[in-house]
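Peer 1: For the sequence shown, our numbering gives the first residue as 54, with consecutive numbering after it. Where is the CB? At the ideal position from N, CA and C, for every residue including glycine.
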Amino acid sequence: MRIFGFGKKDGSSPERARNGREVTARLAANPAIRRAAVDQAQVYYHPDFLSDADCDGLIAMIDANRRPSTLLAESKDPEFRTSESCDLDRWAPAVRAIDERMADLLGIDPEFGETMQGQRYAPGQQFRAHYDWFNEQQAYWAAMKESGGQRTWTAMIYLNDVAEGGATWFPQAGVRVAPKRGLLLAWNNMREDGAPNVATLHEGTPVVRGVKYIVTKWFREHRWIHMPIQTY
54 MRIFGFGKKD GSSPERARNG REVTARLAAN PAIRRAAVDQ AQVYYHPDFL SDADCDGLIA
114 MIDANRRPST LLAESKDPEF RTSESCDLDR WAPAVRAIDE RMADLLGIDP EFGETMQGQR
174 YAPGQQFRAH YDWFNEQQAY WAAMKESGGQ RTWTAMIYLN DVAEGGATWF PQAGVRVAPK
234 RGLLLAWNNM REDGAPNVAT LHEGTPVVRG VKYIVTKWFR EHRWIHMPIQ TY
């Protein structure tokens, strides 16, 4: 994995673009993965990425350490993100094994990945439409630039089936994914030129019946350095 340069004034980045091509080629060569049939964004599925035992173990960790979810940027909407989150112990053997499997799937050095985060959504809880990539015009960008730079890829795993609701919805790309136990969903937050892709706007729709558990891992353009700042 190369060390990437930061983006140009127009948002593009040859190194981020190269990273996108390399990860895309790796995913395309994996027979267990399929790509969503849309052009606006690169969205991929890997069914049964985790076993039932893996999922149950992560759910137990989330339940033991959950706290109200936070936002990197302020929102005036108190209902914007209402889930609970848990920063998993990166070096716990069970977590590390899954963390590194996710990185290997994409062909990204694990050191480029943020600590995996677990999330729990009870009935009525949601995460309204947002981007995973950072807005480089926001005040938080200076800290994010120092702690690994822009987010390139996202990998998310559903840990359980949900009776009703809780889909991940990409309104601009036209992709909706219902929670399914063990399913890994991955997407490139950048366009082909390495600029942030607005078509990756996505939301965790409200859970209607049941409880939704997921884990999410975000990858940066540089090695990630832990900072005392909560990111989503």
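Taking the C-alpha atoms as reference points, what is the distance between S104 and P67?
Peer 2: If you take the alpha carbons of S104 and P67, they lie about 37 Å apart.
Peer 1: Determine the burial state of W144: buried for a count of at least 16 other Cβ atoms within 10 Å of its Cβ, exposed for fewer.
Peer 2: The residue is exposed, with fewer than 16 neighbouring Cβ atoms inside 10 Å.
Peer 1: If we count the other Cβ atoms within 10 Å of its Cβ and call it buried at 16 or more, is R262 buried or exposed?
Peer 2: Exposed, because fewer than 16 other Cβ atoms sit within 10 Å of the Cβ of R262.
Peer 1: How would you call V96, buried or exposed, if buried means at least 16 neighbouring beta carbons within 10 angstroms?
Peer 2: Its Cβ being crowded by 16 or more others within 10 Å, V96 is buried.
Peer 1: Helix or strand or just coil, what does DSSP make of D140?
Peer 2: Three-state result, D140: strand.
Peer 1: Less than 8 Å between the CB atoms is what I'm expecting for S138 and G171, so what's the real figure, rounded?
Peer 2: Sure, about 7 Å apart at Cβ, within 8 Å.
Peer 1: To the nearest angstrom, how far is the alpha carbon of G160 from that of G202?
Peer 2: If I take the Cα positions, the gap works out to 19 Å.
Peer 1: Is the beta carbon of I112 closer than 8 Å to that of S266?
Peer 2: At residue 266 the sequence reads Tyr, which differs from the Ser that was named. In this structure, I112 lies closer than 8 Å to Y266 by Cβ.
Peer 1: Out of curiosity, what's the CA-to-CA distance linking D142 and S128?
Peer 2: Rounded to the nearest angstrom, the two C-alpha atoms are 28 Å apart.
Peer 1: Sorted by chain position, which residues of the same chain lie with C-beta nearer than 7 Å to F180's C-beta, five sequence neighbours on each side aside?
Peer 2: The answer, listed in chain order, is R134, S136, E256 and G257.
Peer 1: Nearest CA to the CA of A248: which residue from N188, V264, K198 and T221?
Peer 2: Nearest C-alpha to A248: N188.
Peer 1: Quick check: the Cα distance between S65 and M243, rounded to an integer number of angstroms?
Peer 2: One C-alpha to the other measures close to 9 Å.
Peer 1: Starting from A78 and walking both ways along the alpha helix (DSSP H), at which residues does that stretch end?
Peer 2: That run of the alpha helix (DSSP H) goes P67 to A81.
Peer 1: Measure how close the beta-carbons of Q178 and P259 come, nearest whole angstrom, since I'm counting them as under 8 Å.
Peer 2: With 8 Å as the limit, Q178 and P259 qualify as a contact, their Cβ atoms being about 7 Å apart.
Peer 1: Please report the straight-line C-alpha distance between H275 and D130, rounded to a whole angstrom.
Peer 2: Taking the straight line joining both Cα atoms gives about 32 Å.
Peer 1: If you compare alpha carbons, which of W206, W186 and T207 is closest to M197?
Peer 2: Checked all of W206, W186 and T207; the closest Cα to M197 is W186.
Peer 1: Threshold first: 4 residues or longer. Then list the alpha helix (DSSP H) segments lying entirely within the stretch 142 to 190, N to C.
Peer 2: If we require 4 residues or more, the alpha helix (DSSP H) runs fully inside the stretch 142 to 190 come out as 146 to 159.
Peer 1: Suppose the cutoff is 6 Å on Cβ atoms and the five residues either side in sequence are ignored; what does the same chain contact list for R88 look like?
Peer 2: Excluding positions up to five away in sequence, the list reads Y97.
Peer 1: Can you tell me whether DSSP reads E199 as helix, strand or coil?
Peer 2: Note: E199 maps to helix in three-state DSSP.
Peer 1: By DSSP's criteria, L238 is part of a beta bridge. Which residues make up the other side?
Peer 2: In DSSP, L238 forms a bridge with Y98 and M209.
Peer 1: Based on Cα-Cα distance, which residue from A117, R149 and E245 lies nearest to E75?
Peer 2: With distances taken between Cα atoms, E75 lies closest to E245.
Peer 1: With 16 other CB atoms within 10 Å as the buried threshold, where does R120 fall?
Peer 2: Result: exposed.
Peer 1: Start and end of the beta strand (DSSP E) containing I267?
Peer 2: K265 to R273 is the span of the beta strand (DSSP E), which, as asked, contains I267.
Peer 1: At which residues does the alpha helix (DSSP H) containing G110 begin and terminate?
Peer 2: Start and end: D105 to N118.
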